[in-house]
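A.B. asks: This is the structure I want to talk about, given as structure tokens.
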Amino acid sequence: MSNTNITKEEIIAAWKDPEAREKLNSLPVHPSGKTFGELTEEELAEIQGASDVNPETTPLCMAGTAIIAGVVSINFCK
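Under my numbering, the residue at position 70 of the sequence shown is numbered 78, and the numbers go up by one with no gaps.
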């Protein structure tokens, strides 16, 4: 497909359809960036919030929630 007279509709269709995207030689960059399938491992690791939560905090939070729920249940649900 020639890119000299490409319409906005064709660009949008190519952004949505990988097969149509492959047919075009020079496509403008998608406004939202690459798809997850096009990201490298390094780019995925740099995503905002990718390493903010430590797995060790989850069991502690769940235990605390269970204890609080048990106390509330015993005191208010007799």
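Glycine included, every Cβ here is placed at the ideal spot set by N, Cα and C. Values in this document were obtained by computation on a predicted structure and should not be read as measured data.
Please list the terminal residues of the continuous alpha helix (DSSP H) segment that includes P26.
C.D. replies: P26 to K31
A.B. asks: When the Cα atoms are used, what is the spatial distance from I19 to G72?
C.D. replies: 52 Å
A.B. asks: Please name the residue, chosen from M70, W23 and L68, that lies closest to L35 on a Cα-to-Cα basis.
C.D. replies: W23
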